[in-house]
Amino acid sequence: MIEAYSFGKICINGTWYTHDLRLKGKNVFSDWWRQRGHFCDPADIKDLLTGVPDILILGQGTPGMMQATPELKQFLQQRGIELIEQPTTEAVK
């Protein structure tokens, strides 16, 4: 699915994206904006959490600025969803 990543762009199934995005299964949701910049809240990913996934991988961008909020961490913990936060270079692996 993810074929390549470098700062500011990612290739998924032959298509290059240059904006933040979300992935769920084979679905790509591009041009993702959050309520609070580089912070990810439960409301920002509500649609991804339907069906209660086992793991949420949060790519933090190359400089590692994206962060899960304490509210998101608590939300995931209460539902038994593992959170992996890594710079995107590592997260795509």
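Our numbering numbers the first residue of the sequence shown as 47 and each following residue consecutively.
Backbone N, C-alpha and C fix where the C-beta goes; we use that ideal spot for every residue, glycine too.
Bear in mind the structure is a predicted one, so any value in this text is a computation, not a measurement.
Discussion item. Restricting to Cα atoms, I'd like to know which of Gln81, Asn73, Gly110, Leu104 is closest to Glu131.
Written reply: Looking at Gln81, Asn73, Gly110, Leu104, the one whose alpha-carbon comes closest to that of Glu131 is Leu104.
Based on the DSSP secondary-structure assignment, which residues constitute the bridge partners of Phe75?
-> Looking at the DSSP assignment, Phe75 forms a beta bridge with Arg68.
With which residues is Leu95 paired in a DSSP beta bridge? According to DSSP, which records beta bridges pairwise, Leu95 is partnered with nothing at all.
_Checking 8 Å against the spacing of the C-beta atoms, do Tyr63 and Ser76 come in under that value?_
Taking 8 Å as the cut-off, the Cβ atoms of Tyr63 and Ser76 count as close.
Original post:
Which residues in the same chain as Trp78 place their Cβ atom closer than 6 Å to its Cβ, once the five residues preceding and following it in sequence are excluded?
Top reply: Asp66, Leu67, Arg68, listed in sequence order.
- Query: Among residues of its own chain, excluding the 5 on either side of Arg125, which ones have a beta-carbon nearer than 8 Å to its beta-carbon?
  - Reply: The answer, listed in chain order, is Leu95, Val98.
Return yes when the Cβ of Glu117 is within less than 8 Å of the Cβ of Asp87, no when it is not.
Yes.
Legend entry - Anticipated Cβ contact below 8 Å, Ile127 with Asp100, distance rounded: About 7 Å separates the beta carbons of Ile127 and Asp100, which is inside the 8 Å limit, making them a contact pair.
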